[in-house]
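A.B. asks: So the protein sequences, as listed, match chains U and B. Oh and the first sequence: position 236 is 236 in our numbering, straight run, nothing missing. Oh and the second sequence: position 1 is 1 in our numbering, straight run, nothing missing. Idealized CB from N, CA, C, for every residue including glycine. Predicted model, so just to flag it, every value in this text is computed and none were measured.
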Amino acid sequence: MSTFANLWLGFQVAFQPGVLWYAFLGCVVGTLVGVLPGIGPLSGISILLPITFGLDATKAIIMLAGIYYGSQYGGSTTSILMRIPGEASSVMTCIDGYAMAQKGRAGAALCIAAVGSFVAGTFGVLVLTLIAPPLANFALRFGPPEYTALLVLGLIFLAYMSSTSLPRTLLMACVGLLLGAIGIDNMTGHFRYSFDIAELGDGIGIVPVAVGLFGLGEILSTPSATVTGKVLTPKLRELLPTRREWRESVMPIGRGTVLGFLVGLTPGSAHIISSFLSYAVERRVSKHPEEFGKGAIAGVAGPESANNAASTGAFVPMLALGLPTGPITAVLIAALTVHGIGAGPQLVTEHPDVFWGFVASMYVGNLMLLALNLPLVGLFVNVLRIPYGYLYPLVIMFCVIGVYEVNNSIVDVWIMLIMGILGYALRKFGLDPAPLVLGLVISPTFELSLRQSLIMSNGDWLIFFQRPIAVTLLVACAVLLGLAALSMVSRRKDWRAKLAEAEAGEPTS
Amino acid sequence: MTPEFVCYRLLLAIRYSLFAIRYSLLTYRGTNSVQLRVDHVAGGAFVAFGILVFAVSGDLPVGRLSMPGAGMMPKLVTGLMILFGLAIVARANESAPFAELAWSDVRHAGATAAITAAAVAGYERLGFLVTMALMLFALTAGVERKPVPHAALFSVGVTALTYALFTYALKSPLEPGILGFWQ
Chain U
1 MSTFANLWLG FQVAFQPGVL WYAFLGCVVG TLVGVLPGIG PLSGISILLP ITFGLDATKA
61 IIMLAGIYYG SQYGGSTTSI LMRIPGEASS VMTCIDGYAM AQKGRAGAAL CIAAVGSFVA
121 GTFGVLVLTL IAPPLANFAL RFGPPEYTAL LVLGLIFLAY MSSTSLPRTL LMACVGLLLG
181 AIGIDNMTGH FRYSFDIAEL GDGIGIVPVA VGLFGLGEIL STPSATVTGK VLTPKLRELL
241 PTRREWRESV MPIGRGTVLG FLVGLTPGSA HIISSFLSYA VERRVSKHPE EFGKGAIAGV
301 AGPESANNAA STGAFVPMLA LGLPTGPITA VLIAALTVHG IGAGPQLVTE HPDVFWGFVA
361 SMYVGNLMLL ALNLPLVGLF VNVLRIPYGY LYPLVIMFCV IGVYEVNNSI VDVWIMLIMG
421 ILGYALRKFG LDPAPLVLGL VISPTFELSL RQSLIMSNGD WLIFFQRPIA VTLLVACAVL
481 LGLAALSMVS RRKDWRAKLA EAEAGEPTS
Chain B
1 MTPEFVCYRL LLAIRYSLFA IRYSLLTYRG TNSVQLRVDH VAGGAFVAFG ILVFAVSGDL
61 PVGRLSMPGA GMMPKLVTGL MILFGLAIVA RANESAPFAE LAWSDVRHAG ATAAITAAAV
121 AGYERLGFLV TMALMLFALT AGVERKPVPH AALFSVGVTA LTYALFTYAL KSPLEPGILG
181 FWQ
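#1: Count the other C-beta atoms from every protein chain shown that fall within 10 angstroms of the C-beta of Glu94/B, then say buried if there are 16 or more, exposed otherwise.
#2: Assuming Val175/U and Met135/B are in contact, meaning their beta carbons sit under 8 Å apart, how far apart are those beta carbons, in whole angstroms?
#3: Under DSSP, the alpha helix (DSSP H) around Leu9/U begins and ends at which residues?
#4: Spell out whether any CB of chain B is found under 8 Å from the CB atom of Thr508/U.
#5: Measure from the C-beta of Phe54/B to each C-beta in chain U and report whether the shortest distance is under 8 Å.
#6: With DSSP run on the structure shown, which of helix, strand or coil describes Ile297/U?
#7: Should Glu100/B be flagged as near chain U, meaning a C-beta pair shorter than 8 Å?
#8: In this structure, how does DSSP classify Ile204/U when only helix, strand and coil are distinguished?
#9: With H, G and I counted as helix, E and B as strand and the rest as coil, what does DSSP make of Met67/B?
#10: Within the same chain, show all residues whose beta-carbon is closer than 6 Å to that of Ser275/U, passing over the 5 residues directly before and after it, in chain order.
#11: Which partner residues of Phe191/U appear in the DSSP bridge assignment?
#12: Would Ser221/U count as contacting chain B if we go by Cβ distances under 8 Å?
#13: State the Cα-Cα distance for the pair Gly66/U and Ser104/B, rounded to the nearest angstrom.
#14: Just the C-alpha distance for Gly127/B and Gly215/U, rounded to the nearest angstrom, thanks.
#15: Compare the C-beta of His108/B with all C-beta atoms of chain U and state if any pair is closer than 8 Å.
#16: For Asn408/U, count the other beta carbons within 10 Å of its own beta carbon; 16 or more makes it buried, fewer makes it exposed. Which is it?
#17: By Cβ distance below 8 Å, which residues in the same chain neighbour Leu374/U in space, the five residues on each side in sequence not counted?
#18: Kindly list, in the order they appear in chain U, the residues whose Cβ is closer than 8 Å to that of Val229/B.
#19: Counting only Cβ pairs nearer than 7 Å, list the residues of chain B close to Val175/U.
#20: Please classify Pro147/B: does DSSP put it in a helix, a strand, or coil?
#21: With burial defined as no fewer than 16 other Cβ atoms inside 10 Å of the residue's Cβ, what is the status of Glu350/U: buried or exposed?
#22: With Ala149/U and Leu474/U assumed to form a contact (beta carbons below 8 Å), what rounded beta-carbon distance in angstroms separates them?
#23: Put Arg247/U into one of helix, strand or coil per three-state DSSP.
#24: In three-state terms, what does DSSP make of Phe166/B?
#25: Out of Leu76/B, Pro68/B, His108/B and Ser66/B, state which residue places its alpha-carbon closest to the alpha-carbon of Leu177/U.
#26: Got a sec? Which residues, its chain only, sit under 8 Å from Leu391/U by beta carbon, not counting five neighbours each side?
#27: Select from Arg145/B, Leu174/B and Pro97/B the residue whose C-alpha is nearest the C-alpha of Gln35/B.
#28: Give the DSSP-derived three-state secondary structure of Met255/U in the structure shown.
#29: Taking the Cβ atom as the reference point for each residue, do Gly260/U and Ala310/U lie within a distance shorter than 8 Å?
#30: Ala70/B touches chain U at which residues, Cβ-Cβ below 7 Å?
#31: Comparing the C-beta of Ile178/B with each C-beta of chain D, is any distance below 8 Å?
#32: Determine the direct distance from the alpha carbon of Arg83/U to that of Met100/U, and round the result to whole angstroms.
#33: Given that Gly459/U touches chain B, what residues does it touch there, using C-beta distances under 7 Å?
#34: Does the distance from the C-beta atom of Val29/U to that of Gly44/U stay below 8 Å?
#35: Quick one: list the residues of chain U neighbouring Ala117/B, beta-carbon separation under 8 Å, in chain order.
#36: If you draw a straight line from the C-alpha of Tyr163/B to the C-alpha of Thr325/U, how long is it?
If you want it as structure tokens, here you go:
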């Protein structure tokens, strides 16, 4: 079947009333998650993951993906109206978005952010439609050595792109890989690190770990005194930008879209990195760079388009290769796995209804988000009026319910609590918990493909250097490690160090 | 190259790294007083954790390269974890002094974690309604210092609504516990 015939099949799935309802629900929840400071898309998806277990795979993945790209739309609202990034990728929108709000142009900033997000999201889905299936066909040539090399490249790329240091990211990934080794070894039947706890025999689930690290961990790190409640509410008639503002936004939206999609294909916190890069690009190409920081519309249009395009771009390696490029796609892969469906090349061929239904739902979801985010912005902003002191106990309750309901296991809830405390400690010491989740998700595949490769070659490590795809991927690993080592040795501030400083709110010089 | 040889090399690398750290600390002591830094603690904690994992995984067979055992991957990863921990310790001078770490949020975090732990401990015995209502009340009235009547109303109301939502609307009953008769 051609791409368009498949896409037609996808739209038939996406327009089923039940599927439409869950796409809508995902978009609404995603917008709320984006609006609420302290609850990022990862914690939102993790907390709601158990609720999707009763649904079929198509509805579950559509709803969870809706939360992801919906949060990118919603994140701009708090950035523009309160100067608080609803989530990390909206940090750059704070600067000029809030400056515009103070000049009385909050509505225009919100409108441009929503339109930019829509254009970027739709472009991203179009390209995803065209490139994911051929990439998946190519990936069918992958055997265990290629998968081992691909997963190593994924981890090293993540470490290289990370704004924290390479050893810190790889250390966290190792902890994740180690946690993934807990339970019965599939090849030999040995119990590993289960300490006679029957529940640990099946291994540690992604849900308690993700909910603990990102949901509970975030709450433990956020005392209510640090959450402010001053909210601006723009009127509906103020939403339309002027002709000049439209004109000044067109090119930043275009550049942000393309840049964001390309960055989104790479592992790491692509949606965050893309918005920082887009802001830097816009300031550099602008004829009036002095306006940046004082309410330049390009400073809103570029980063907002970029983070949305990046979140769509991240679905390409996830769907076509089964490679999670970040913790969010890792959790989405886990959601598919729970339903007995593996992400990767077989998804397109064996479950076309899930794949194409998901792709088609993203077209519909982007339209829904545009319709939701503009007229209903006042409604979403009202959520910010719920005092945080009442909100976070509720979130903890839903974390407990969500984790317990997966297996009716109190051990899972204890794991969540331990992970929450670990998440708090990791943040305190400047360690990013995201690579840990990624390590946990890829651990079983990585171990299996590594051991299969060694068995295939009768214990010869050279198998990884005898197959063209594997050796290409390993050369890419070596190049990235070399680049990272170079910047460590020269102790020169490269773009990643500058990004880390910008994220921490320090001046980049 | 056997897995034992790989493990031996890893241990050797760790030993040399420890020497390097000791040397760098001694050199540093020559110019300044040694100051405990954030990364000394963070890296050191993971090194200690790695050593602990090695200690408890003694009975896991590493196997041969042609037939790797159940212990190969965990031991390999633990070795790498110790190495990265040491790398963080080695570059700890670039991090902030440990004494400057802000602990203002630890009271909130500790209280929240302790209340949640108490709720988890009683969840299966006492059930959802009792534990969650008590947890919400303790968090809102105890930690957040909200007025007691507001906190009580919020805790009981939200818990009852959530229970009804899951039991009747979502057909996914929550743990009944001692109030099991109320179905």
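C.D. replies: A quick look at the data gives this:
#1: exposed
#2: Wrong, their Cβ atoms sit about 29 Å apart, outside the cutoff.
#3: Thr3 to Ala14
#4: Low confidence applies here, because Thr508/U scores a pLDDT of 36, under 50, leaving its location unreliable; read the following figure in that light. False, the Cβ-Cβ gap to chain B never drops below 8 Å.
#5: no
#6: coil
#7: no
#8: coil
#9: strand
#10: Ser89, Met92, Pro303, Ala306 and Asn307
#11: Ile184/U
#12: yes
#13: 36 Å
#14: 23 Å
#15: yes
#16: exposed
#17: Leu110, Cys111, Ala114 and Leu239
#18: Residue 229/B lies beyond the residue range present for chain B, which begins at 1 and ends at 183; the question has no answer from this structure.
#19: Met81
#20: coil
#21: exposed
#22: 5 Å
#23: helix
#24: helix
#25: Leu76/B
#26: Leu36
#27: Pro97/B
#28: First, the residue type needs correcting, since residue 255/U is Arg and not Met in the sequence shown. The answer is helix: DSSP assigns Arg255/U an H, G or I state.
#29: yes
#30: Asp185, Thr188, His190 and Arg192
#31: Included in the structure are the protein chains U and B, with no chain D among them.
#32: 11 Å
#33: Arg64, Leu65 and Ser66
#34: yes
#35: Leu417
#36: 37 Å
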